[in-house]
Amino acid sequence: MEPILPFLTAGDPDLDRLGTHLAGLRALGVGTVEVGLPHSDPVADGPVLQAAAGRALAAGATPRRVLEALAGVPGPDVVLFTYFNPLLQLGADLIPLLAPTPVKSLLVVDLPPGEEPAWEAVLRRAGYPLVPLLAPTTGPDRARRLLEARPDPGAGPFAQRFAYVVARLGVTGAGGAVDLAPVAARLRELRALTDRPLAVGFGLDDPGSLEAVRALGATPVVGSALVAALHRGGDLAGFLEPRLP
Numbered sequence: 003m004e005p006i007l008p009f010l011t012a013g014d015p016d017l018d019r020l021g022t023h024l025a026g027l028r029a030l031g032v033g034t035v036e037v038g039l040p041h042s043d044p045v046a047d048g049p050v051l052q053a054a055a056g057r058a059l060a061a062g063a064t065p066r067r068v069l070e071a072l073a074g075v076p077g078p079d080v081v082l083f084t085y086f087n088p089l090l091q092l093g094a095d096l097i098p099l100l101a102p103t104p105v106k107s108l109l110v111v112d113l114p115p116g117e118e119p120a121w122e123a124v125l126r127r128a129g130y131p132l133v134p135l136l137a138p139t140t141g142p143d144r145a146r147r148l149l150e151a152r153p154d155p156g157a158g159p160f161a162q163r164f165a166y167v168v169a170r171l172g173v174t175g176a177g178g179a180v181d182l183a184p185v186a187a188r189l190r191e192l193r194a195l196t197d198r199p200l201a202v203g204f205g206l207d208d209p210g211s212l213e214a215v216r217a218l219g220a221t222p223v224v225g226s227a228l229v230a231a232l233h234r235g236g237d238l239a240g241f242l243e244p245r246l247p
């Protein structure tokens, strides 16, 4: 289990900062990070990440440029958080662009697993599995099928084995207390189905809620609060250190 899974929007405020942030995460001992590809229609994102994507796009952070900026960058393993359309734009160039980067898997928010099996198979053979996304409304049969489609249980890093558990319905965004009682019940249900590592995201930000998720045996995801802090001029280490165990 990773102690935390941070999220960064690539290109906010500029692509030059991306390598610096990854180096900073590495220095903090963070093993895995989500990096968001900016998209013009981020339907799963709340106001903070929508604004970050808009700033990144205005600064020229196209999908191709983001992957080129990641090429050869040492740092944590990267989970590429994206929507399907930016990947379609890259077409046959996608895998060659991924190859020199630290990207280990993709979380494609608007692509339900199984909708594009041939495309998923190509990615999986190239070493880029899709991360299952489990909403509060995902039923047990569907959850079981999603969790069974995985690499060998003992193989690969956290980024290639974990499943993402959505803590609440709605869009991303910090602020307002997340009721962890249903999250705890959900994690117990999923633990009966899988030994995959589980990460919990959407709405988590304060150190207390992150520690509560860790106490449930899962990795907390912190995104909007971190992106907002960096936009205000905050320091990466200053934000994350109080939230690390």
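So the number in this note's numbering is just where the residue sits in the sequence shown, counting from 1, plus 2. C-beta atoms are modelled at their ideal positions from N, C-alpha and C, and glycine is treated no differently.
For the candidate residues the options, whose alpha-carbon lies nearest to that of residue i?
{"i": "A63", "options": "A29, L96, L39", "result": "L39"}
{"i": "D79", "options": "R67, V50, G33", "result": "G33"}
{"i": "G141", "options": "A55, Y130, L195", "result": "L195"}
{"i": "E4", "options": "V35, P119, L238", "result": "V35"}
{"i": "T1", "options": "L89, V202, P115", "result": "There is simply no residue 1 to check, as the chain begins at 3 and stops at 247 in what is shown."}
{"i": "Q162", "options": "V185, A137, P104", "result": "P104"}
{"i": "Q91", "options": "R67, F164, G235", "result": "R67"}
{"i": "R127", "options": "A101, V223, L10, A58", "result": "A101"}
{"i": "P209", "options": "G74, A230, P247, S226", "result": "P247"}
{"i": "A137", "options": "S226, L7, P184, V124", "result": "P184"}
Under 8 Å, do residue i and residue j count as touching if we go by C-beta distance?
{"i": "G219", "j": "L182", "result": "no"}
{"i": "A2", "j": "T11", "result": "In the structure as shown, the chain starts at 3 and stops at 247, and residue 2 therefore has no counterpart that could be examined."}
{"i": "L212", "j": "H23", "result": "no"}
{"i": "P119", "j": "F164", "result": "no"}
Please classify residue i: is it buried, with 16 or more other beta-carbons within 10 angstroms of its beta-carbon, or exposed?
{"i": "E150", "result": "exposed"}
{"i": "T139", "result": "exposed"}
{"i": "R245", "result": "buried"}
{"i": "D197", "result": "exposed"}
{"i": "D207", "result": "buried"}
{"i": "E122", "result": "buried"}
{"i": "R234", "result": "exposed"}
{"i": "S226", "result": "buried"}
Over what stretch of residues does the alpha helix (DSSP H) that includes residue i continue unbroken?
{"i": "G56", "result": "49-60"}
{"i": "V185", "result": "182-193"}
{"i": "V68", "result": "65-72"}
Would you list the one or two residues that DSSP bridges to residue i?
{"i": "E36", "result": "F9, V81"}
{"i": "A136", "result": "Residue 136 is actually Leu in this sequence, not Ala. For L136, which the question treats as bridged, DSSP gives the partners V167."}
{"i": "P222", "result": "V202"}
{"i": "V124", "result": "Note: V124 sits in no beta bridge, so no partner."}
{"i": "L90", "result": "Answer is none; L90 lacks a bridge partner."}
With a cut-off of 8 Å, does the C-beta of residue i fall near any C-beta of chain D?
{"i": "L132", "result": "In the structure shown, chain D does not exist; there is a single protein chain."}
If you follow the beta strand (DSSP E) that residue i is in, where does it begin and where does it stop?
{"i": "S211", "result": "Premise fails: S211 lies in the alpha helix (DSSP H), 209-217, not in any beta strand (DSSP E)."}
{"i": "S42", "result": "No beta strand (DSSP E) contains S42, which DSSP labels as neither H nor E."}
{"i": "L108", "result": "105-110"}
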